[in-house]
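Read the structure below first, then the notes.
In our numbering, the protein residues as written are 68 to 213.
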């Protein structure tokens, strides 16, 4: 019984002590100096088309170039549904007529995420990004005559 009482008092005494000591009381500040903003160039095969029709399917291809930064991610959304996601700076995907809710024109959103070059801690670990969004009108005429 004495052994348990001495262990209890030793634990009680040690619980009031801090776990580590730090003797430097100075405050250090770091101000990140942002770099030049990256230059982004995005090309897509839909750039020259006006309301491309999707009777059966439509291929969408893209190419992203980021100068002075790093490309992170592309996210494509159509009719509130994700149709494509990738971390590749170039690629292609298909849109088919099954994605349409009804006949008519819907909007395809392409969101490109890339580094911000702010030199903050979030930027250094790739959690801070800038975005460019492209919008394209897609015509789902669903077999209607042109």
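The beta carbon of each residue, even a glycine, is placed where N, CA and C say it ideally should be.
Can you tell me where the beta strand (DSSP E) holding residue i begins and where it ends?
i, result
"residue 144", "138–145"
"residue 157", "157–163"
"residue 150", "148–153"
"residue 177", "171–182"
"residue 206", "196–207"
For the alpha helix (DSSP H) containing residue i, list its first residue and its last residue.
i, result
"residue 190", "188–191"
Where residue i and residue j are concerned, what is the direct C-alpha to C-alpha distance, given to the nearest angstrom?
i, j, result
"residue 206", "residue 180", "26 Å"
"residue 174", "residue 105", "27 Å"
"residue 197", "residue 78", "52 Å"
"residue 124", "residue 195", "35 Å"
"residue 146", "residue 94", "52 Å"
"residue 101", "residue 73", "58 Å"
"residue 193", "residue 134", "16 Å"
"residue 151", "residue 182", "20 Å"
"residue 191", "residue 168", "42 Å"
"residue 140", "residue 114", "20 Å"
"residue 111", "residue 99", "35 Å"
Looking at residue j and residue i, is the spacing between their C-beta atoms short of 8 Å?
i, j, result
"residue 109", "residue 188", "no"
"residue 118", "residue 170", "no"
"residue 156", "residue 127", "no"
Pull up the CB-CB distance for residue i and residue j, whole angstroms please, since I reckon it's below 8 Å.
i, j, result
"residue 184", "residue 103", "7 Å"
"residue 148", "residue 177", "Not quite, the Cβ-Cβ distance comes to about 14 Å (not below 8 Å), so this is no contact."
"residue 121", "residue 159", "15 Å between Cβ atoms; not a contact."
"residue 172", "residue 143", "Actually they do not touch by this definition, with Cβ atoms about 17 Å apart."
"residue 199", "residue 107", "6 Å"
Start-end ranges of the beta strand (DSSP E) lying completely within the segment 109–139, minimum 3 residues: 124–134
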